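Single-structure report; data block below.
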Amino acid sequence: MNYSSHSTNLSISFNCLFLAALSVVLLSCAKERESEDFRFERLDPGYTQLDFTNTVENTPEFHILNYLYFYDGGGVAIGDLNNNGLPDIFLTANDGPNRLFMNLGDYRFEDVTEQAGIIHQEGSWSTGVTMADITGNGYLDIYVSHSNYLVKTGRNQLFINNGDMTFTEMAADFGLDFEGYSTQAIFFDYNRNGRLDMFLLNHSFHSDRTYGQAERLRQVFDPKAGDRLFRNDGDRFTDVSQEAGIISSALGYGLGVAVTDINLNGWPDIYVGNDFHEDDYLYINNGDGTFTEMLYSAFSHTSRSSMGNDIADLTNNGFVDVFSLDMMSEEYEVYMTSGGPDIWPIAQTKREFGFGAKNARNTLHINRGNDRDGMPVFSEMAFSLGLARTEWSWAALMADFDNSGFKDVFVTNGMPHRPNDLDFVARLRVIRQQATEEETAQREFEAINLMPSVVVPNYMYRNLGGLQFEDVSRAWGFGHDVVSNGAAWADLNNSGRLDLVVSNINEPTRIYRNTTELDSAAHFLRVSLDGRSPNTGGLGSKVILYGDGQVFYQEQMPTRGFQSSVDHRLHFGLGALTEIDSLLVIWPDWTYEVRRDVSANQHITLRQDEASGQFDFTRLHRSFDNATLHPAPQSLHPDFVHQENRFDDFNREPLMPYKLSTQGPALAVGDVTGNGLDDLYFGGAFRQPGRLFLQQSNGTFVASQNELFAQHAVGEEVDALFFDATGNGLLDLYVMTGGGQFVDTEEALKDRLYINQGNGRFTYEPERLPAMFLNGAVVRAADFTGNGALDLFIGGRSVPWAYGRSPGSYLFANDGTGHFSNVTDSWYPELPDIGMVTDAVWADLTGDGKPELIITGEWMPVKVLAVRDGRFSDITADLGIAAWGGLWQHVQVADLTGNGAPDLLLGNFGTNSRMEASPESPLHLLINKFGDDGRESAIMVIERNNSLYPFDRLEELLLEFSFLNQRVRSYRDFSTRNLFQLLGREQVEQADRFTVSTLHSGVWLNDGNGQFNWQAFPIEAQAFPLMSSEVWHDATGRPHLLLGGNLHAVKPGTGGKQGAGVGLHLSWSAEKGFEVLELQDSGFIVRGETRHIRSLQVPGNRTRIITARNNDRPLLFDLKP
1 MNYSSHSTNL
11 SISFNCLFLA
21 ALSVVLLSCA
31 KERESEDFRF
41 ERLDPGYTQL
51 DFTNTVENTP
61 EFHILNYLYF
71 YDGGGVAIGD
81 LNNNGLPDIF
91 LTANDGPNRL
101 FMNLGDYRFE
111 DVTEQAGIIH
121 QEGSWSTGVT
131 MADITGNGYL
141 DIYVSHSNYL
151 VKTGRNQLFI
161 NNGDMTFTEM
171 AADFGLDFEG
181 YSTQAIFFDY
191 NRNGRLDMFL
201 LNHSFHSDRT
211 YGQAERLRQV
221 FDPKAGDRLF
231 RNDGDRFTDV
241 SQEAGIISSA
251 LGYGLGVAVT
261 DINLNGWPDI
271 YVGNDFHEDD
281 YLYINNGDGT
291 FTEMLYSAFS
301 HTSRSSMGND
311 IADLTNNGFV
321 DVFSLDMMSE
331 EYEVYMTSGG
341 PDIWPIAQTK
351 REFGFGAKNA
361 RNTLHINRGN
371 DRDGMPVFSE
381 MAFSLGLART
391 EWSWAALMAD
401 FDNSGFKDVF
411 VTNGMPHRPN
421 DLDFVARLRV
431 IRQQATEEET
441 AQREFEAINL
451 MPSVVVPNYM
461 YRNLGGLQFE
471 DVSRAWGFGH
481 DVVSNGAAWA
491 DLNNSGRLDL
501 VVSNINEPTR
511 IYRNTTELDS
521 AAHFLRVSLD
531 GRSPNTGGLG
541 SKVILYGDGQ
551 VFYQEQMPTR
561 GFQSSVDHRL
571 HFGLGALTEI
581 DSLLVIWPDW
591 TYEVRRDVSA
601 NQHITLRQDE
611 ASGQFDFTRL
621 HRSFDNATLH
631 PAPQSLHPDF
641 VHQENRFDDF
651 NREPLMPYKL
661 STQGPALAVG
671 DVTGNGLDDL
681 YFGGAFRQPG
691 RLFLQQSNGT
701 FVASQNELFA
711 QHAVGEEVDA
721 LFFDATGNGL
731 LDLYVMTGGG
741 QFVDTEEALK
751 DRLYINQGNG
761 RFTYEPERLP
771 AMFLNGAVVR
781 AADFTGNGAL
791 DLFIGGRSVP
801 WAYGRSPGSY
811 LFANDGTGHF
821 SNVTDSWYPE
831 LPDIGMVTDA
841 VWADLTGDGK
851 PELIITGEWM
861 PVKVLAVRDG
871 RFSDITADLG
881 IAAWGGLWQH
891 VQVADLTGNG
901 APDLLLGNFG
911 TNSRMEASPE
921 SPLHLLINKF
931 GDDGRESAIM
941 VIERNNSLYP
951 FDRLEELLLE
961 FSFLNQRVRS
971 YRDFSTRNLF
981 QLLGREQVEQ
991 ADRFTVSTLH
1001 SGVWLNDGNG
1011 QFNWQAFPIE
1021 AQAFPLMSSE
1031 VWHDATGRPH
1041 LLLGGNLHAV
1051 KPGTGGKQGA
1061 GVGLHLSWSA
1071 EKGFEVLELQ
1081 DSGFIVRGET
1091 RHIRSLQVPG
1101 NRTRIITARN
1111 NDRPLLFDLK
1121 P
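Structure below.
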């Protein structure tokens, strides 16, 4: 993309390569290297003279047990305080003096704390630090947050820069001397009046003001906790939190804050990450001095104990992504002994109190652009991208550390004493039960050293592009064990490479020098902003580079990560680009400037005085005008809302990974009236009548025969099929029941057949079906007997109370008059034991003119059955289709390659959960009578250390196996025991075992010669359970795929709510394979739990797309001709 230039004057240009080379020589001569030739070199404080250690020691009066944020550590702020071109460093110490270090060049620093006038408040506890020019004099000021709790006192401090490297503390003068539980402050111009306002993030503590109904608690103001918004009125700041719509209650356990224009409308928004049970907050700026909290309008779910966060564009699509940290460990033993994801009953209790969907792990929300209403559409993909588990994490920083053109991800972590160790929690409980009130405090303090620690390397992930990340922590020089908290990046020696400054607990703060070779694949551009006073730093400005079809987007918002603030100069890695086609800067007052043909490997300064006009922010949003799909008028939508009943599968079977009772609604599509237009049948939930809708000549839908279907509103309708049962050319209706709520021969498990009497009028004729009670999944029709009448495959979903067992699936033969008989035993007697079927399709895969039956299911491989000698045979292996067990959800047939041979599109559970599976390391389900009660149980099992270990945590297993209380001595003991030791060798060895060896969705491509080749869908399609698809070919013959799914009722321990599937549109070509269409090119946006995507024939010989969603309305889209 290219903008016309207003000015092409480049400001500061210099020979960075010479400075970088000089720095290398000086460093190699001046000090001894600590490590091998890593990309990042950890510099010795003896050389840098950055002599600072954040020493944190528990005392009887103040420690990790009476102050939960004791080990949150210190912050790092980097900025050029004396305007000499070298960024200086400010470091906070929790329980000691904060220090200011002046950059002398060549990675050498001088401690100038005392002479600079940085005042230490005795008895205070410092937390975060940030820099901004608050007075507008062109020099950065410093704001330090403090926590005023128990024996710790002290107000937040504001050090005003006098312009001569001295400072005057003036927080009280400006009205910013807040006294409370502050974590971090962030300065930004929320009302766009040119002055920097301040958002103050505060944390909280458990009390009677933090437990109860969420909405009620959020209305209760807390004087020390709860976040604050201070408006800059020129010479003083005013607390406008209440009138601006900011929640200032004790529920605000704030640990992470970021400001960004998340919807790209020119107004800065606020993201707050909250610890514990409170939801995160997303404050959308209304542009009138107020904000609206809209978290769940944009996000499906968040981290549970949200720690630090960062917001930046990881995908180079011009939209910012959100990365929020938590505490999930990669180590099995640590995960099993730590307080982690809630068990389902606790999670549901929190939901009933009004708290949203959260899960105890990192979340990475990938931004797909705004919807038609201007709200960003996010897909949370941390597990799929390999970024969900980084131990007890604090700071997240997303920046281009190798100048590849893609932002990498750095994460700090560590905990000297881990208070969520479940064995320690148990010890603490005993102390409180046995000790007197006078003894308790002393005994608790003495017990602190019994806590285990988390001392592990920090994480660095290299962004390879295309949503691919590589863990390069050790390869890049972060292999040492350390407890790190705050961190910030800056190009400390002006070499064109980003260095890191990392604050550690009880170890020296370290500078990590970036040694990236500035070769032909590692170009850069550094940008300084010279804003108009009083916002001289241009905070809130956007700088966008365009080059070779790529977009590089950054916002000037230095406060990021955790309790820290990065350099105010923007750094762009450019990869192989030696020149930028155009550069666009948009200032906070919406004036803008465009520069063209900007050379790489230099430092430029952009000046607000050179900008003009008023930027039109619609230019940052691609229009939906040329999208392939457009929402159909609301008047054309059928008047149906699926209403899922409240039924808790986990009360019966707590070890199920997710609910099976939310399969609905059923959807049948077909022309039942003969007018050439497709009609619809929606299946109802428990005790909700199904609805038949007849399409009229104007494209509207009219409900028909409500009374008939209301008579049978007993069970859950999970599938429906229009087909010609009687052979008279009229489509009849089969309705399948299921849902997992009913057992045995309950009437709610009885399928129904309705016969079309003409003009779409149906009668219920139960005598046409054989007697059968089945918790069903799918019904599909084809003439497998060869008598010219459509026969049926009946697929069973599950056995209620017996997860993992095959419920039975059946073959019904049609006698030619619409009467059916069960012929399973003669056609394929193995079918009742095939497994937990989810979907099926009939198709002629072999080209013999006969339909093959393709079946998918959970804990089973895909099966292809073909008619051979009057019965079905399994020909899956003959076709080259691998026997990969999966949690298969969906199958569709389409000819993608255009060779006339049908390909198989397969939906699996996806990779965005804690479940992992591969042929080398499969996931298992074992079923046996493990206890003495004679009842079967199913348990998920993983392979590690050449043995089998439980997938679920002890708390979850105890819901099913209470006897484990007598078999394990502690959580630590449990974490080291394999399944044989826990459940008994004989029971495990004799258990029935089912295996999952892949969770990926994809397509088996038919080569036309009887063999199939696997091609996985793009990673965007792996981030959710893929439960439905539709395929069509455009005017050029190119195939398009619409994909949908999601499953909300997933146990937190399994991975939590699966909601990344917000409508995905793929195209396919032999040259490029699958490509993901951008949201604005597609127009297909479907939030919620999609169960069906189907094409409809509508008036004018046109096609519409309909989606059926669980517990929601259907959506109807017009397909562009």
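Okay, so the sequence shown: first residue is 1 according to UniProt numbering, each after it adds one.
C-beta: ideal position from N, C-alpha, C; glycine also.
Values in this document were obtained by computation on a predicted structure and should not be read as measured data.
Local conformation of residue i per DSSP, three classes
i	result
Val425	helix
Val672	coil
Glu122	coil
Leu1119	strand
Ser809	coil
Ile448	helix
Asn706	helix
Phe174	helix
Leu608	Checking the sequence, you will find Gln at residue 608 rather than Leu. The answer is helix: DSSP assigns Gln608 an H, G or I state.
Glu579	strand
Ser635	helix
Pro950	strand
Leu10	Legend: pLDDT at Leu10 = 30, less than 50; position of this residue unreliable, no value from coordinates given.
Tyr190	coil
Val430	helix
Gly369	strand
Residue i and residue j closer than 8 Å at C-beta
i	j	result
Ala777	Gly738	yes
Trp884	Gly907	no
Ser393	Met451	no
Ala382	Leu364	yes
Gly740	Ser635	no
Ser329	Glu391	yes
Leu81	Gly105	no
Ser564	Ala312	no
Trp1014	Leu925	no
Glu1089	His1048	yes
Asp530	Leu620	no
Asp227	Leu255	no
Gln705	Arg768	no
Identified DSSP bridge partners for residue i
i	result
Trp1004	Leu904, Trp1014
His91	It should be pointed out that residue 91 corresponds to Leu in this sequence rather than to His. In the DSSP output, where bridge partners are listed per residue, Leu91 has Val76, Arg99.
Asp499	Ala490
Gly870	Answer is none; Gly870 lacks a bridge partner.
Met131	Ile142
Arg526	His571, His603
Leu229	Phe199
task: Evaluate contact between the region 462-470 and the region 394-412, counting only Cβ atoms and requiring at least three cross-stretch pairs below 8 Å.
output: yes
query: Which full runs of the alpha helix (DSSP H) of 4+ residues lie inside the region 325-351, going along the chain?
result: Fully contained in the region 325-351 are the following alpha helix (DSSP H) runs of length 4 or more, in chain order: 332-337.
task: Examine the Cβ distances between the region 330-342 and the region 947-957 and report whether three or more of them are shorter than 8 Å.
output: yes
Sufficient close CB pairs (3 or more, under 8 Å) joining the region 196-215 to the region 239-251: yes
message: Between the region 636-644 and the region 1106-1120, can you find at least three pairs of beta-carbon atoms closer than 8 Å?
response: yes
task: Could you say if the region 173-191 and the region 229-244 meet the contact criterion of at least three C-beta pairs nearer than 8 Å?
output: Contact holds: three or more Cβ-Cβ distances are below 8 Å.
- request: Check whether the region 1010-1025 touches the region 1063-1080, counting contact only when three or more Cβ pairs, one atom from each stretch, lie closer than 8 Å.
  value: yes
- prompt: Taking only runs of the alpha helix (DSSP H) that begin and end inside the region 1015-1070, which ones reach a length of at least 4 residues, in chain order?
  reply: none
query: Can you list the beta strand (DSSP E) stretches of 3 or more residues lying completely in the UniProt domain "ASPIC/UnbV" (538-605), in chain order?
result: 542-547, 550-555, 570-575, 579-586, 592-599
field: Contact the region 816-829 vs the region 869-885: 3+ CB pairs below 8 Å
entry: As far as the Cβ criterion goes, the region 816-829 touches the region 869-885, which means the pair count is three or higher.
query: With contact counted as at least three CB pairs below 8 Å, one residue from each stretch, are the region 143-156 and the region 119-129 in contact?
result: yes
- prompt: What are the uninterrupted segments assigned as alpha helix (DSSP H) that are 4 or more residues long and contained completely in the region 231-289, given in chain order?
  reply: 241-244
Inter-stretch contact at 8 Å, needing at least 3 Cβ pairs: the region 976-996 / the region 1020-1029: no
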